[in-house]
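Chemist: With our numbering, letter number 406 in the sequence shown gets 411, and the count goes up by one each step, no holes. Beta carbons: idealized from backbone N, C-alpha and C, even for Gly.
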Amino acid sequence: MSVLDQVKDEARSRVRWVAMHGFIRFIAKRGVKINDPQAKLIADPATREDPKPVYKQIRDNGTLFDSRVVSLTVDHRVVFDLLRSDDFRTVIQGANLPAPLRAIEKRTRTSALHPLAPPSLLSVEPPSHTRYRKVVSSVFTVRAVNQMRDRLQVTADQLLDELVASGVGTVDIVDAYCAKLPVAVISDILGVPPEDRDRILKFGELAAPSLDFGLTWTQFRLVEKGLQGFDEWLADHIEFLRANPGDNLMSELIASSDDGVFLDDRELRATAGLVLAAGFETTVNLLGSGINLLINNPDQLARLFEDPSLWSNAVDEMLRLESPVQMTARVAKHPVEVEGHSLATGRTVVCVLAGANRDPKVFDDPDTFDVGRPNANKHLSFSGGRHFCLGAALARAESEVGLRTLFERFPDLSSAGAGVKRDTRVLRGFLTLPVHLGEPATIDA
């Protein structure tokens, strides 16, 4: 690329950032000063660290709160219904911007796929969504996930064997274990060769804030770099698997069709990219948050040692308290009334999943971590309706096996200092989490 082309690319990116994020950041910073909850969710560092006060603010203002630009809800019943309502659609990248900014975004967007732009499953509605999901569901079955469970256990054991062999006493458990376990599993699923796995992890880290609004210029450039690199890698990977199909679900997905209609290359890249990114980004976050919860609640860890049958329920409780995806949004397809509020066509409702998961009308003592909570599985962390997470069963299996195996191998694992949270709003988890491993337990041959 010539110097002139680089300058043009930089200018184009800067204009796109202003349209997509800069304007929103400006408005949000002003909104924080007047205590607007949506603004605080976007631009307030204190809220990123601990969003519970904002959840309370929204809840105290009723089941649906009209902010300046959007409506918000943390009510479990309302979120549950909205996720299933045919009166609403998902958010499409740029569609809810003011008309002048929307036009700028459209003219300056890159060719790289984005998780909030069609043909991503996150951004399309029937009939396209029905077709994509039917093809993916034909491959990503419960049986296929169950068959992965043995491989998952082997991978977890191997990673922990490496930690024991290294002799280190203190590690960043996110880097050493939480990231490596799901990326190995999802890579097996999608036929990613071992030598490419670090690249995929890096692309995922760069692109993780792509679901957020109001990004800084630096964040935006990193996201664009990650999405572009990921898209180019996916194109090459799919081309390779077409010519060299293997024993993996990605090869099956390429060969699958809905009544003879196959996904085209762009649809395949969008679908595979979403499965790949969601398959490890959310699980990395859940594993890190789960470890942190158990370290800080040794009484609950003791209950799991005494009764291992609680592990599955414990994972649901972790999903409830520390949802890897904090919020999603729906847009009114036509004028509609919700909870006594008249919403115009195009009005966005932010469904704060993490807030609904702490609704005191549904969960007793909602801020308490209880691995035996009888209704922990009522959380909404996997969304709902036609957009319910396809990988929910796999995420649960990875988390249950991954956490149980870790604490069985290192029963005295403890904190080695405060971790660092990811600087994202929609996705929540640890970027780093230092721990003392302690003495490993003896494993029977």
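Of the choices Ala446, Thr437 and Trp22, whose alpha-carbon is the least far from that of Leu292?
Modeler: Thr437
Chemist: Who are Cys356's beta bridge partners in DSSP?
Modeler: Thr78 and Thr333
Chemist: Could you check where the beta strand (DSSP E) with Thr437 kicks off and where it finishes?
Modeler: Phe435 to Thr437
Chemist: Closest to Tyr60 by CA distance: which of Gln331, Val336, Gly377 and His384 is it?
Modeler: Gln331
Chemist: Using the Cβ count rule (16 or more neighbours within 10 Å means buried), how would you classify Asn301?
Modeler: exposed
Chemist: Buried or exposed for His26, please, with buried defined as at least 16 other CB atoms from any protein chain shown within 10 angstroms of its CB.
Modeler: buried
Chemist: Looking only at its own chain, which residues have a Cβ that is under 8 Å from the Cβ of Val343, when we skip the five neighbours before and after it?
Modeler: Leu69, Ser76, Val83, Leu87 and Val354
Chemist: Would you mind working out which of Lys139, Pro105, Leu106 and Ile97 sits nearest Ser125, comparing C-alpha positions?
Modeler: Ile97
Chemist: Tell me which residue opens and which closes the alpha helix (DSSP H) that Asp304 is part of.
Modeler: Segment Pro303 to Glu311, the alpha helix (DSSP H) holding Asp304.
Chemist: Using alpha carbons as the reference points, say which of Glu167, Ala282, Glu257 and Thr78 lies closest to Leu211.
Modeler: Ala282
Chemist: Quick check for students: name the residue ranges of the alpha helix (DSSP H) that lie wholly in the segment 126–198, counting only runs of 4 or more.
Modeler: 133–144, 147–171 and 185–195
Chemist: I believe Ala453 touches Arg325 by the beta-carbon criterion, under 8 Å. Please report the beta-carbon distance rounded to the nearest angstrom.
Modeler: In the structure as shown, the chain starts at 6 and stops at 450, and residue 453 therefore has no counterpart that could be examined.
Chemist: Please name the residue, chosen from Phe218, Glu311, Gly67 and Leu395, that lies closest to Ser142 on a Cα-to-Cα basis.
Modeler: Leu395
Chemist: Starting from Val23, trace the beta strand (DSSP E) in both directions and tell me its first and last residue.
Modeler: Per DSSP, Val23 belongs to no beta strand (DSSP E) and is neither H nor E.
Chemist: On a CA-only basis, which of Ser404, Gly351 and Cys356 is nearest Thr288? Give me that one, please.
Modeler: Ser404
Chemist: Run through the DSSP bridge pairs and tell me what His346 is partnered with.
Modeler: Val343
Chemist: Is it right to say Ile259 is buried, meaning 16 or more other beta carbons lie within 10 angstroms of its own, or is it exposed?
Modeler: Counting every other CB atom within 10 Å of its CB across the protein chains shown gives Ile259 a total of 16 or more, marking it as buried.
Chemist: CA-CA distance, Leu168 and Ser18?
Modeler: 42 Å
Chemist: Just tell me which of Ala24, Glu244 and Leu216 has its CA closest to the CA of Gly231.
Modeler: Minimum Cα distance to Gly231 is reached at Leu216.
Chemist: Which of the three DSSP states, helix, strand or coil, is assigned to Arg226?
Modeler: Three-state DSSP puts Arg226 in a helix.
Chemist: Could you say which of Ile47, Ile194, Asp203 and Arg274 lies nearest to Asp252 if we only look at CA atoms?
Modeler: Ile194
Chemist: Less than 7 Å separating the Cβ of Leu408 from some heavy atom of the ligand ATP?
Modeler: For the structure depicted, the ligand ATP is absent and the ligand set is empty, with no information on it obtainable.
Chemist: Taking Gly51 and Ala44 to be in contact with their CB atoms under 8 Å, please state how far apart those CB atoms are, rounded to whole angstroms.
Modeler: A quick correction: the sequence has Ala, not Gly, at residue 51. Actually they are not in contact, since the Cβ atoms of Ala51 and Ala44 sit about 12 Å apart, beyond 8 Å.
Chemist: Count the other CB atoms, across all protein chains shown, that sit within 10 Å of the CB of Thr95; report buried if there are 16 or more and exposed otherwise.
Modeler: buried
Chemist: I'd like the list of long-range same chain contacts for Ser192, defined as Cβ closer than 6 Å, with 5 residues on each side in sequence excluded.
Modeler: Arg202
Chemist: Label Gln152 either buried or exposed according to how many other C-beta atoms from any shown protein chain fall within 10 Å of its C-beta, with 16 as the threshold for buried.
Modeler: exposed
Chemist: Comparing C-alpha positions only, which one of Asn290, Leu227 and Lys111 sits nearest to Ala184?
Modeler: Asn290
Chemist: Closest to Val159 by C-alpha separation, out of Leu279, Phe393, Leu411 and Asp312, would be which residue?
Modeler: Leu411
Chemist: Using 8 Å as the threshold, is the C-beta distance between Asp80 and Asp364 below it?
Modeler: Yes. Within cutoff.
Chemist: For Leu273, is the classification buried or exposed, using 16 other Cβ atoms within 10 angstroms of its Cβ as the cut-off for buried?
Modeler: buried
Chemist: If you run the structure through DSSP and keep just helix, strand and coil, what is Val367?
Modeler: In this structure, Val367 counts as coil in the three-state DSSP scheme.
Chemist: Using only alpha-carbon positions, find the residue among Ser133, Ala24, Gly295 and Ala307 that is nearest to Leu220.
Modeler: Considering only alpha carbons, the answer is Ala24.
Chemist: Can you tell which of Thr373, Pro198 and Asp41 has its C-alpha closest to the C-alpha of Leu246?
Modeler: Pro198
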